[in-house]
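K.L.:
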Amino acid sequence: MAKMNMLQAINSALAIAMEENENACVFGEDVGAFGGVFRATSGLQEKFGKDRVFNTPLVEQGILGFANGLAAQGTLAIPEIQFADYIFPAFDQIVNETAKFRFRSGNEFNVGNLVIRTPYGGGIHGGLYHSQSPEAYFAHTPGLKLVFPRNAYQAKGLLAASLESNDPVIFFEPKRLYRASVGDVPEGKYTIPLGKAEIVQQGTDITLLAWGAQVEMLEKAAEMASKDGISCEIIDLRTVAPWDVETVSQSVIKTGRLVVSQEAPLTGGFASEIAATIQDECFLHLESPIERVCGLDTPYPLAHEKEYMADHLKVYEAIKRSINY
Amino acid sequence: MAKMNMLQAINSALAIAMEENENACVFGEDVGAFGGVFRATSGLQEKFGKDRVFNTPLVEQGILGFANGLAAQGTLAIPEIQFADYIFPAFDQIVNETAKFRFRSGNEFNVGNLVIRTPYGGGIHGGLYHSQSPEAYFAHTPGLKLVFPRNAYQAKGLLAASLESNDPVIFFEPKRLYRASVGDVPEGKYTIPLGKAEIVQQGTDITLLAWGAQVEMLEKAAEMASKDGISCEIIDLRTVAPWDVETVSQSVIKTGRLVVSQEAPLTGGFASEIAATIQDECFLHLESPIERVCGLDTPYPLAHEKEYMADHLKVYEAIKRSINY
Amino acid sequence: MAKLLNVDNPNNTSKNDTLNLEFVDEHALAIPTFKMLDDNGELYKDAQASSMDKETAIRIYETMRFIRVFDERMLAAQRQGRVSFYMQCLGEEAAVTGSAAALEDKDMIFAQYREQAALAYRGFTLEQFMHQNFSNEKDFGKGRQMPIHYGSKGLNYSTISSPLGTQIPQAAGYAYGQKLKGDKACTICYFGEGAASEGDFHAGLNMAAVHSAPTLFFARNNGYAISTPASEQFKGDGIAVRAVGYGMKALRVDGVDVLAVYEAVKKAREFAVENNAPVLIESIAYRLAAHSSSDDPTGYREKEEEETFRANCPIERFRRYMLKQGWLDEAEDEAAKEKIKADVLSALKVAEKVAKPALEEIVTDVYEDVPLHLQKQYEQLKQHILKYPEAYPATASRIEETK
Amino acid sequence: MAKLLNVDNPNNTSKNDTLNLEFVDEHALAIPTFKMLDDNGELYKDAQASSMDKETAIRIYETMRFIRVFDERMLAAQRQGRVSFYMQCLGEEAAVTGSAAALEDKDMIFAQYREQAALAYRGFTLEQFMHQNFSNEKDFGKGRQMPIHYGSKGLNYSTISSPLGTQIPQAAGYAYGQKLKGDKACTICYFGEGAASEGDFHAGLNMAAVHSAPTLFFARNNGYAISTPASEQFKGDGIAVRAVGYGMKALRVDGVDVLAVYEAVKKAREFAVENNAPVLIESIAYRLAAHSSSDDPTGYREKEEEETFRANCPIERFRRYMLKQGWLDEAEDEAAKEKIKADVLSALKVAEKVAKPALEEIVTDVYEDVPLHLQKQYEQLKQHILKYPEAYPATASRIEETK
Ligand SMILES: Cc1ncc(C[n+]2csc(CCOP(=O)(O)OP(=O)(O)O)c2C)c(N)n1
Ligand SMILES: Cc1ncc(C[n+]2csc(CCOP(=O)(O)OP(=O)(O)O)c2C)c(N)n1
Ligand SMILES: [Mg+2]
Ligand SMILES: [Mg+2]
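Those protein sequences? They're chains A, B, C and D, same order as listed.
Heads up: the first sequence is residues 1 to 325, going by the UniProt record's numbering.
Heads up: the second sequence is residues 1 to 325, going by the UniProt record's numbering.
Heads up: the third sequence is residues 1 to 403, going by the UniProt record's numbering.
Heads up: the fourth sequence is residues 1 to 403, going by the UniProt record's numbering.
1) Under the three-state reduction of DSSP, which class applies to residue 192 of chain C: helix, strand or coil?
2) Given 7 Å as the limit, tell me if residue 224 of chain C has its C-beta closer than that to any heavy atom belonging to ligand 3.
3) So, helix, strand or coil for residue 15 of chain C, using DSSP?
4) Just how far apart, CA to CA, sit residue 241 of chain C and residue 248 of chain D?
5) Could you tell me which uninterrupted alpha helix (DSSP H) segments, each at least 4 residues in length, are contained entirely in the stretch 110-163 of chain D, listed from first to last along the chain?
6) Any chance the CB of residue 95 of chain D is under 7 Å from a heavy atom of ligand 1?
7) Only counting runs of 4 or more residues, tell me where the alpha helix (DSSP H) segments fall wholly within the stretch 212-237 of chain C, in order along the chain.
8) In chain order, which continuous runs of the alpha helix (DSSP H) of length 4 or greater are located wholly inside the stretch 266-311 of chain C?
9) Quick check on DSSP: helix, strand or coil for residue 83 of chain A?
10) What does DSSP give as the partner residue(s) for residue 236 of chain B in the beta ladder?
11) Say yes only if the C-beta of residue 230 of chain C is nearer than 7 Å to one or more non-hydrogen atoms of ligand 6, and no if none qualify.
12) From the beta carbon of residue 297 of chain A, is the nearest beta carbon of chain D less than 8 Å away?
13) Quick one: residues in its chain with C-beta nearer than 8 Å to the C-beta of residue 62 of chain B, no 5 flanking neighbours on either side, listed in chain order?
14) Going by DSSP, which residues form a beta bridge with residue 27 of chain B?
15) If you draw a straight line from the C-alpha of residue 363 of chain C to the C-alpha of residue 358 of chain D, how long is it?
16) Can you name, in chain order, every residue of its own chain whose Cβ lies under 8 Å from the Cβ of residue 10 of chain A, other than the five neighbours on each side?
17) With hydrogens ignored, establish whether the beta-carbon of residue 305 of chain D is closer than 7 Å to any heavy atom of ligand 4.
18) Nearest to residue 289 of chain A by alpha carbon, out of A:133, A:295, A:320?
19) Using a cut-off of 7 Å between C-beta atoms, extract the partners of residue 55 of chain A located in chain D.
20) From this set, D:255, D:173, D:110, which residue's C-alpha is nearest residue 188 of chain D's C-alpha?
21) Who are residue 3 of chain A's beta bridge partners in DSSP?
22) Please say whether residue 256 of chain B and residue 233 of chain B have beta carbons closer to each other than 8 Å?
23) Would you say the beta carbon of residue 114 of chain D comes nearer than 7 Å to a heavy atom of ligand 2?
24) Here's a check: name, in chain order, each residue in its chain whose Cβ is nearer than 8 Å to the Cβ of residue 185 of chain A, leaving out the five neighbours to either side.
25) Please tell me whether, using a cut-off of 7 Å, the distance from the CB of residue 193 of chain C to the nearest non-hydrogen atom of ligand 1 is below it.
26) Given residue 231 of chain B, which residues of its chain have a CB within under 6 Å of its CB, disregarding the five upstream and five downstream residues?
27) Please tell me whether residue 3 of chain D has its Cβ less than 8 Å away from any Cβ of chain B.
28) Roughly how many angstroms separate the alpha carbons of residue 105 of chain D and residue 156 of chain D, rounded to a whole number?
29) Kindly indicate which three-state DSSP category residue 108 of chain D falls into: helix, strand or coil?
30) Is residue 301 of chain D close to ligand 4? I mean its beta-carbon at under 7 Å from any heavy atom of the ligand.
31) Return the chain-ordered ranges of every alpha helix (DSSP H) run that is complete within the stretch 249-302 of chain B and spans a minimum of 4 residues.
32) Looking only at C-alpha atoms, which of C:176, C:338, C:34 sits nearest to residue 17 of chain D?
33) Using 8 Å as the Cβ pair cut-off and three pairs as the minimum, do the stretch 134-146 of chain D and the stretch 93-112 of chain B touch?
34) Helix, strand or coil, according to DSSP, for residue 193 of chain A in the structure here?
35) Mind listing, in chain order, the continuous alpha helix (DSSP H) runs of no fewer than 4 residues lying wholly within the stretch 87-166 of chain A?
36) Taking 7 Å as the cut-off, is the CB of residue 29 of chain A close to at least one heavy atom of ligand 2?
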């Protein structure tokens, strides 16, 4: 065990995978000698050489197009998109190509060897274009797996599992926690299974659900609620697609109440999918409407970031609304 | 009044707008001399000249980038994306630029003069790449209006309103109905307001909701259900974003039951947003879970298109499930 | 005059200066078209010597002959409503076959959609073509894509994808992987002059150059993208001239001249594999057919233009060459054509009776394994179909069987 | 030898043929860099005559002087934690200011983010700059974007957008609209050599050429895109050489030489507006500063390299020229710099005390009117803030006021 922050944990997972796979490639804007603008790939070029760890030209659609081809060829391709806000030029390559590669070819070809890493999320004074959480755009696309770590330990284990998966994965890294989340992380390899939600805290009165950095907001809100005598069950979804309906609905059947929280705007967000599914799965058990605590339906603002965010206070209020319904 | 199919109705709305706005431009792949692969822009180049109606190079990101600039400059820009399946290369220009133009500039600049037309949807043996219904990707993006006509009359009136709107609009044309939907359409100008759902059929037992070509499936299913003595209220949402929560929730408060149907895959589709919102708005009035009848969570297949589609039989079964809950 | 920069130039530009304020002309570089064979199938005087042996020539000729007949018959089948859609290679057979013949089998092919001749050259069988077009259960693609979306892992032919241009950066990535593994192989990437307008073109060519990926970018400039003529697609000198913008070598070749195409691609392949460098090849050949079976060119071009180009037939030109070489017998050629027609017809009759893919295939291959939610959706669908078997005739009967 | 095509060439290519199988070399076209002023601020012997009058020269000089001081002070303010982020123009002041000066006021500017000097030249005030950087309620952008994302309708300066390259096709569209309206104006579009790798670059340049839009594409090749040197960005001869691929005229200019930039852009503007045609201009000037206040270049380049380029200062070169012309007085120049420093400091002190934008602005401008669902979200938010005023200090007190 070592103390690592999330960047170090990610770096360690990458280094191990590159040692295991002699052709694995890490590439993207500034990931080479410099080690990435957040330094997640720091030291990798020195270790594995310029052929396997390299800067690309500044073209996200090219990075993903190149990655699709490289993965189809059989190489473990680990591209980085510098900010999730800049993943959209690659949207066609991801949604029409990556996600459909295996299906359209009848499994003649696949890009299961592809793991796209990208920092996402707000709370860092990034304004419109350094704060977005675009998971819902991808969750509506069959064929992709979407993975979100909430801390350093989860990051290393989930990334290792993503790198082993034979399906393409988008690995969303909560940049707000890159350095803030420090914890005990094994130096060797371990994996955390994809597709499984984790019950982070057991509780009886209400279920709280989130993924990535937003889990922290739930924890803070649950602490406030516990002072009111409310016992919260906290679930970290971890894999947003395909998601673990079972774990969530069992919890809601037990508690009868659900608050889902996401950073992204409310409308059409993944919280809506969860609410839609759970109202169906748990209809007779629900004692109050499923609450969604989300970003506003506006672009992500700078000066009003605090007001915009789905913070712990808003989650706490939703808990109370739900309990007092 | 004249008998028109949907293509003629659209063509007529375009011609009227181009007469009213001396600089309005229609452009896109093959829309010029040829009049578009579906012939929606047929005759427009002859009438308004090559400067205002023109073929573009084959580059969707360019078409939308150019359109954003042209609209910002003050010209009514009416680009066509040949198939909605090919809108994804333009995703960044739409989601990061079109949608955020006014907000990010504090209203110094806007692209309210932009109407993107694109044929969408399945049922035409188009397979993966000529069948998609990508509205959910855009509905999660604040700043866009999304409009869906269900027939020729609606198409002309809604398109005219879109062309008058000072917000950017994506106008989704149900290509399955282009020639199939024929009806009385005024030759002159009229508009149908954006943002307002329409109750297509009054009913008391259950609410059925859809948009675009899918409304036809509801009508067929409702007819089957009426033979079972079930009275269906049918709502055409017409504007998917921002959507008319009021009309839908009032109907559900009355009927106590809701079936939402969409062509796109279930997970993360717009039906999920509706279910999430309505379970909240109408919690105490719901007598059964909100049913979503959607495409499967797979890419759109060719040979199994019939099986894949959210057809009237599947809607009918959902109605019965809901009633018998 | 002092050089602009006195350290190693970080701007990656040539270092010569000028005091004259002059535009670089928009046509500063014009690229000639390489050819070998004249219309009569004779080598031009002073033409490059041909390195194509008899065996290769025959295989090329047979491939082109097959594709011509196959295309005709399939279009007819489409007109009869037997297949839903079709696209012909008419006029571009030499460009596609000649380039495919210049490759090695281990080289990867990323095609656009009009390159069935390359796949046929590699050995895709008539039956395999047919099953794909009928989206039946023997289609490698499991009936999921529209006709002409072929693919074959065994033949190193990546499954066709309709969104244009996406295969261009993919080819660069694939080639990069080949280089890393030390395969001594390359990837060829076909695309139309229309698709070359996509952003992915820029991405793919630049990345191949920067990352030294042995990629052959084969631009089929056939004059049209559906109805849009090349003159409304770009103002530069075709596609080849763009190579210099990427620091990439280029060639332009007469796409109606199979010998020229073969030599050009052979040379380009050699260069690419030996130097780990991409090459851009532009072939000039007119799209003689309609864009697809859904298209009618009379809406956008003159019959007369078509007729002029019809006279310039790549197969006929090569046939004359083959005859002169004594590598072809006219009578046998005619007989072979008749046999292909008959074979196509009977393969068609077989394929159209082969069952649709099993219902299970509606949820497979989305992921490596079928996840829970898709298992559930499949189960529901099955029950639904069993309730309304007459509404889903292609699958209903077979579910009952397997139940 | 017969021409390849005997009707009007639908393939849009040059028609000359060749029998020689030769690659077009990857460096077949190399573009020289236009310059006028030497390091000492003297015109080279045989240099083009300058058309810049005294008034313009002074306005340019004052703009550059202002931006240099402003940038320094703002970076310092960032280091003190007073603004969250900043980007300097250091080393590229001449390229940006000289090009802006060559335009007319009615010409539109689409910038990337490092072109504050163009906006200053147009008349954006120190206070306006400052309010944007402090995202306060006087910011035209209503505090929504990060520092340096300026915009001004009145000055025809499109609001900066962070996603790179998106402004390139937008500029083509804007210019097309100007042409349609008969404005006799053009649009200039600035972008970095890194952003020129984006697909939108290809889209924008090709569309401008095909649709004859009077657009000046101004590539600032400053050698780096954050840490990525141009040598890992492309293999061609800079950005200018790509113009020939689009059938577009091009110029390369020494971006440290304000006279050369001014003359080049003036000539390009004249050509673009008179002929409704785009021009690509590439300016060569080193990015002397860090990429942004978040960046530290010691991680990817040698101090020595920086020092070499620091000696090649665009403002110093022009200062010498101005002195020689007798258009500048050294003492006054020094005094002016001191005054700017003081002005910046006091403007900063004012701006940082101006209130944040009102809470309402969180839901305005998403649409022209605030739709129902946003009215509702705003109402909920207001109630929430009133419950926890201490958690939202920037807005809480003011809501109570206006309640
Ligand atoms: C991204 C995308 N946009 C549009 C289309 C529709 N489309 C199919 S083929 C075609 C024209 C392609 O022309 P070209 O690349 O020249 O190839 P050719 O048909 O001439 O062989 C178009 C516009 C598509 N398939 N993909
Ligand atoms: C689409 C997109 N991708 C990535 C980024 C992150 N990013 C911001 S600036 C920059 C480098 C730009 O370099 P260049 O275009 O050369 O401009 P310069 O900073 O040198 O002026 C990058 C990668 C972005 N803003 N947008
Ligand atoms: Mg073509
Ligand atoms: Mg740069």
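Even for Gly, the Cβ is constructed at its ideal location relative to N, Cα and C.
No experiment lies behind these values; they were computed from the predicted model shown.
P.N.:
In brief:
1) strand
2) yes
3) coil
4) Taking the straight line joining both Cα atoms gives about 12 Å.
5) Correct list: 116-122, 126-133.
6) Not under cutoff, so the answer is no.
7) none
8) 303-310
9) coil
10) B:198, B:210
11) Among the ligands modelled here, namely ligand 1, ligand 2, ligand 3 and ligand 4, ligand 6 does not occur.
12) Chain D contact via Cβ: present.
13) Hits under 8 Å: 56.
14) B:54, B:79
15) 51 Å
16) So the list reads 40, 117, 155, 156, 159, 173, once near-sequence residues are dropped.
17) no
18) A:320
19) 228, 232
20) D:110
21) A:184
22) no
23) Residue 114 of chain D Cβ: within cutoff of ligand 2.
24) 1, 2, 3, 4, 8, 9, 12, 152, 153, 156
25) yes
26) 203, 204, 205
27) Residue placement at residue 3 of chain D cannot be trusted, given a pLDDT of 47 that sits under 50; what the coordinates show is reported in the next sentence. Chain B, which has no Cβ nearer than 8 Å to the Cβ of residue 3 of chain D, makes this no.
28) 8 Å
29) strand
30) no
31) 270-281
32) C:34
33) yes
34) coil
35) 101-104, 135-139, 152-164
36) yes
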